[in-house]
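> Quick mapping for you: the protein sequence lines, in order, are chains A and B. Counting from 928, one number per residue, gives the positions in the first sequence under the working numbering. Counting from 928, one number per residue, gives the positions in the second sequence under the working numbering. Think of the CB as a built atom: it goes at the ideal place given N, C-alpha and C, for glycine as much as any other residue. Predicted, not measured: the structure shown is a model, and the values here were computed from it. Take a look at this one; I'll ask things after.
Number of protein chains: 2
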Amino acid sequence: MSISTASKALNDTGRMGSETRERVKRIAAEIGYRPNALARGLLSKRSFTIGLLTNDTYGRFTLPVMAGISDALVDHGVSVFLCAIEDDPALAQIHVDAMLDKQVDGIIATGKRLDRRLPVDLSNLHVPVVYAFTEGTQNSVTFRSDDEQGARLAVEWLMKIGRRRVAHVTGPQEFFSVRERAGAYHEVAGHREPVLYGVWSESWGHDAVEQLWKRSGEKPDALFCGNDQIARGAVDALRERGVKVPQDVSVIGFDNWEIVAAQTRPPLTTVDMELKELGRQAGLTVLALAEGRPVDPGVRKLPCRLIVRQSCGGKAPRE
Amino acid sequence: MSISTASKALNDTGRMGSETRERVKRIAAEIGYRPNALARGLLSKRSFTIGLLTNDTYGRFTLPVMAGISDALVDHGVSVFLCAIEDDPALAQIHVDAMLDKQVDGIIATGKRLDRRLPVDLSNLHVPVVYAFTEGTQNSVTFRSDDEQGARLAVEWLMKIGRRRVAHVTGPQEFFSVRERAGAYHEVAGHREPVLYGVWSESWGHDAVEQLWKRSGEKPDALFCGNDQIARGAVDALRERGVKVPQDVSVIGFDNWEIVAAQTRPPLTTVDMELKELGRQAGLTVLALAEGRPVDPGVRKLPCRLIVRQSCGGKAPRE
DNA sequence: GTGATCTGAGAAAAGCTTTTACCAACCATC
DNA sequence: GATGGTTGGTAAAAGCTTTTCTCAGATCAC
């Protein structure tokens, strides 16, 4: 039997007797034949491989994104190269070169910050590039979370359960998402309380509560925190002051970093940026581009989702 | 100029005039020529690609291991497929098949637990397999942390700074590493205090302190905790009881999970399992096997390292 | 029975690189 | 000047699939 006949039988292509086809398939299965993807890729110009480039060492954001990508692409037989580049331009270039050598069908760039670029230029590659949760280039396809909507979700929830003096404790003002969330906070809460900018740490959350409670006048009855770590520090500080969460003060976080949010006492109500879904869409998009299907460039904002736990009181909208 | 001449020039092989060689290289650099790794792999039977299989969804252990692997292999031009399989045998098989199709030079299996197997059989593959931080098969090469030595390190440190009543609060007894650490604890601390088995959560650390302090008799002057989360819960509980850390009680964790250990107040002294180094060695080993170099099978225990922060008092051994 | 159509299968090329074998030219040696 | 050894380079094969082309044989219509 010739090689080409076997190939056609296995790929359900060409004309041949159905019993020949079946026989080939059976024998192939018996001997455990698996086509060499390298040879196939050499011919088809598709390697069924993509690269994921990230500077997020701890995987805080990258892992959910990666999970989504992998989830979306495994059905299409696509595998993912993970390259952690740690803000090192030389290392990044090495990894990009290695990926290009290996004929990746596309590259997804992801990071830990919406308003920062990866330290490597991906704009003139001959393979498609999609940006996810990191700043993209002109005319690129970029996926990001809708932080404004997420923040609105949080503050509206606090208002809905009856809170009126909502303070906002968040990260450094130079973060784009900080400004976006603060803007939405102002809009919904109506400037009743100030915004406290700081750093992304528990101790800042702790300190911010000290500041707020040391001030004269009415204390906040709710805290909208810029991330779960700050929220956790705030909850700890409130407990130490004898302020009850959620009875006296509602606290809401951002990120839904389960390891922090779910272990806090009480568990944190928080905003989830749906990073897995973001990864899924990025994966499908880079696949579409690799297959030559047209994709409109631009920034796509994905809505966030509110995760209701116990730190706000109120009732969950469902479940 | 013929193709073969160019190939030999670029690979510094064959005989040719040095000025021809230079000229070829210069032109190659000019036109940005990069050899197709697929075609090269087809011939050399090496894809310069390995697969990393993990069931550790949150990357708690996998990310440092991955970083070490990548770090060790990037110099050799090897890229890494990351496959998260989430304890799903079917998904695992799909990923393994995909990797084999893509002619990976080897596979590293890693997980979140030393005494559990990945839900897929890797024992009869025609590519080398190395296990890292997960249970391997007979005659395989397995890298793991030396939990016994790590625990000894921790308890000896507590003794050295003058603590005499060291309690051990740890995870579920069915974990192999829990038993190993408890064994070392007993050996070094001399059975002065009981071992409290529980779960890997902050709240268990919190509860354990309640239990210990509610009992009559002398209280412990040190806690050796099975991981950083438990330690953190314990520290919180101690603070709530007005017990000062580290003045009254020293607390030591395990894992050096920076995000927990460094954010605890006070920052946790803890045991680092050197997972990055573990990954590095696993990477180099699978590479050696892929290149046909002999490697003795067996389990290799890597020593842990004590990270001294502020939760124990005492002085750091150096720096 | 013969030409036309169709069917099943094999041959060959292409994809890109590396390696081995080979060849032509050159120099030196006797 | 013939021989032998270098030297610098080319031709070809191999690695594994897929696709296109070709071909032998069979079937069918007239």
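Verify the CB distance criterion: does aspartate 1014/A have a CB-CB separation below 9 Å to chain B?
Start at 1 with the first residue of the first sequence, and residue 1014/A comes out as number 87. No, aspartate 1014/A does not count as interfacial toward chain B.
> Identify, in the order they occur along the chain, each residue of the same chain with its Cβ nearer than 6 Å to the Cβ of glycine 1063/A, setting aside the five sequence neighbours on each side.
Numbered from 1 along the first sequence, position 136 holds the residue referred to as residue 1063/A. Result list for glycine 1063/A: Thr1069, in chain order.
> Could you list which residues in chain A have their beta carbon closer than 9 Å to that of proline 962/B, in chain order?
Reading the second sequence from its first residue, position 35 is the one you call residue 962/B. Simply Asp1028.
> Which residue's Cα is closest to the Cα of alanine 1161/A: Cys1239/A, Lys935/A and Asp1015/A?
By 1-based counting over the first sequence, the position of residue 1161/A is 234. Of Cys1239/A, Lys935/A and Asp1015/A, the residue nearest in Cα terms is Cys1239/A.
> Taking 9 Å as the threshold (beta carbon to beta carbon), is isoleucine 930/B in contact with chain A?
Residue 930/B sits at position 3 when you count from the first residue of the second sequence. For isoleucine 930/B, the answer is no, since every Cβ of chain A falls outside 9 Å of its Cβ.
> Could you tell me the distance, in whole angstroms, from the CA atom of isoleucine 1234/B to the CA atom of leucine 965/A?
Taking the first residue of the second sequence as 1, we reach residue 1234/B at position 307. Taking the first residue of the first sequence as 1, we reach residue 965/A at position 38. Each residue's CA atom was taken as its position, placing isoleucine 1234/B and leucine 965/A some 45 Å apart.
> Cβ of aspartate 1024/A less than 9 Å from any chain B Cβ?
Working through the first sequence from its first residue, we reach residue 1024/A at position 97. Cβ-Cβ to chain B under 9 Å: yes for aspartate 1024/A.
> Identify every residue that forms a DSSP beta bridge with arginine 1227/B.
Position 300 of the second sequence, counting from 1, holds the residue named residue 1227/B. Arginine 1227/B pairs with Phe1070/B.
> Which runs of the alpha helix (DSSP H) spanning at least 4 residues fall entirely within the region 1070 to 1158 of chain B, listed in chain order?
1074 to 1087, 1103 to 1116 and 1129 to 1141
> Please check if any C-beta of chain B sits within less than 9 Å of the C-beta of leucine 969/A.
As a first step, residue 969/A must be located in the first sequence, where it is residue number 42. Judged by the 9 Å Cβ criterion, leucine 969/A is in contact with chain B.
> By the criterion of Cβ-Cβ separation under 7 Å, what are the contact partners of methionine 943/B in chain A?
Looking up residue 943/B in the second sequence gives position 16. Chain A residues near methionine 943/B: none, gap ~24 Å exceeds 7 Å.
> Note the first and the last residue of the continuous beta strand (DSSP E) segment covering valine 1057/B.
Stepping through the second sequence from its first residue, residue 1057/B is reached at position 130. That run of the beta strand (DSSP E) goes 1056 to 1061.
> Taking the CB atoms as reference points, tell me whether tryptophan 1084/A and glycine 1241/A lie closer together than 9 Å.
Residue numbering aside, residue 1084/A sits at position 157 when the first sequence is read from its first letter. Residue numbering aside, residue 1241/A sits at position 314 when the first sequence is read from its first letter. It is a contact, given that the beta carbons lie within the stated cut-off.
> Per DSSP, what kind of secondary structure is glycine 1210/A in: helix, strand or coil?
Taking the first sequence and counting its residues from 1, one reaches residue 1210/A at position 283. Helix, per DSSP.
> Evaluate valine 1222/A with the Cβ neighbour count: other Cβ atoms within 10 Å of its Cβ, from every protein chain shown; 16 or more gives buried, anything less gives exposed.
Here the question's residue 1222/A lines up with position 295 in the first sequence. Label assigned to valine 1222/A: exposed.
> So is the beta-carbon of leucine 1150/A under 8 Å away from any non-hydrogen atom of the ligand GTP?
Inclusion of the ligand GTP in the displayed structure is not the case, the ligand content being empty and no account of it being possible.
> Between the Cα of leucine 1150/A and the Cα atoms of Arg1168/A, Gly1110/A, Leu937/A and Thr1097/A, which residue gives the shortest distance?
As a working note, residue 1150/A is residue 223 in the first sequence. Residue Thr1097/A is the option with its Cα nearest to leucine 1150/A.
> Going along the region 1129 to 1157 of chain B in order, which residues come within less than 9 Å of chain A, judged by CB to CB distance?
Glu1129, Ser1130, His1133 and Gln1156
> To the nearest angstrom, report how far apart arginine 1043/A and threonine 1061/A are at their CA atoms.
Residue 1043/A sits at position 116 when you count from the first residue of the first sequence. Residue 1061/A sits at position 134 when you count from the first residue of the first sequence. Computed Cα separation, rounded: 6 Å.
> Less than 8 Å between the CB atoms is what I'm expecting for lysine 935/B and methionine 928/B, so what's the real figure, rounded?
Along the second sequence, read from residue 1 onward, the residue named residue 935/B stands at position 8. Along the second sequence, read from residue 1 onward, the residue named residue 928/B stands at position 1. No, lysine 935/B and methionine 928/B are not in contact; Cβ-Cβ is about 11 Å, not under 8 Å.
> Taking isoleucine 1088/B as the reference, give the member of Ser1177/B, Phe988/B, His1053/B and Arg1040/B with the closest Cα.
Position 161 of the second sequence, counting from 1, holds the residue named residue 1088/B. It is Ser1177/B.
> Going by Cα to Cα distance, which pick from Thr989/A, Gln1020/A, Tyr985/A and Tyr1058/A is closest to valine 1226/A?
Counted from its first residue, the first sequence places residue 1226/A at position 299. Residue Tyr1058/A is the option with its Cα nearest to valine 1226/A.
> Applying the criterion that 16 or more other CB atoms from any shown protein chain within 10 Å of the CB defines a buried residue, is glutamine 1174/A buried or exposed?
In the first sequence, the residue the question calls residue 1174/A occupies position 247. Exposed: under 16 other Cβ atoms inside 10 Å.
> Please go through the same chain and pick out, in chain order, the residues whose beta-carbon is closer than 7 Å to the beta-carbon of threonine 984/A, but skip the five residues on each side of it.
Mapped onto the first sequence, residue 984/A falls at position 57. Ala1011 and Glu1013.
> Closest Cβ-Cβ distance between methionine 993/A and chain B: below 9 Å?
Taking the first sequence and counting its residues from 1, one reaches residue 993/A at position 66. At least one chain B Cβ lies under 9 Å of methionine 993/A.
> Take proline 1147/B and list the residues in its own chain whose beta-carbon comes closer than 8 Å to its own, dropping the five residues that flank it on each side.
Residue 1147/B sits at position 220 when you count from the first residue of the second sequence. Arg1092, Val1093, Ala1094, Glu1120, Leu1139 and Val1176, listed in sequence order.
> With a 10 Å radius around its C-beta and 16 neighbouring C-beta atoms as the bar for buried, classify aspartate 1074/B as buried or exposed.
Position 147 of the second sequence holds residue 1074/B. Buried, since its Cβ has 16 or more Cβ neighbours within 10 Å.
> Cutting at 7 Å between CB atoms, please list the residues of its own chain near glycine 1131/A, excluding the five before and the five after it.
The count along the first sequence starts at 1 and reaches residue 1131/A at position 204. In the sequence under discussion, the amino acid at residue 1131/A is tryptophan, which differs from the glycine named in the question. Cβ neighbours of tryptophan 1131/A beyond the five flanking positions: Gly1125, Ile1157 and Gly1160.
> In whole angstroms, what is the alpha-carbon distance linking glutamate 1246/A and arginine 1236/A?
Taking the first sequence and counting its residues from 1, the one referred to as residue 1246/A is at position 319. Taking the first sequence and counting its residues from 1, the one referred to as residue 1236/A is at position 309. Note that glutamate 1246/A scores 38 on pLDDT, short of 50, meaning its location in the model is unreliable; the coordinates nonetheless yield the value given after this. The C-alpha of glutamate 1246/A lies about 11 Å from the C-alpha of arginine 1236/A.
> Are the region 1027 to 1044 of chain A and the region 1186 to 1195 of chain A in contact at 8 Å, needing three or more beta carbon pairs?
Result no; under three Cβ-Cβ pairs closer than 8 Å.
> With 16 other CB atoms within 10 Å as the buried threshold, where does threonine 940/A fall?
What you label residue 940/A is simply residue 13 of the first sequence in a count that begins at 1. So threonine 940/A ends up on the exposed side.
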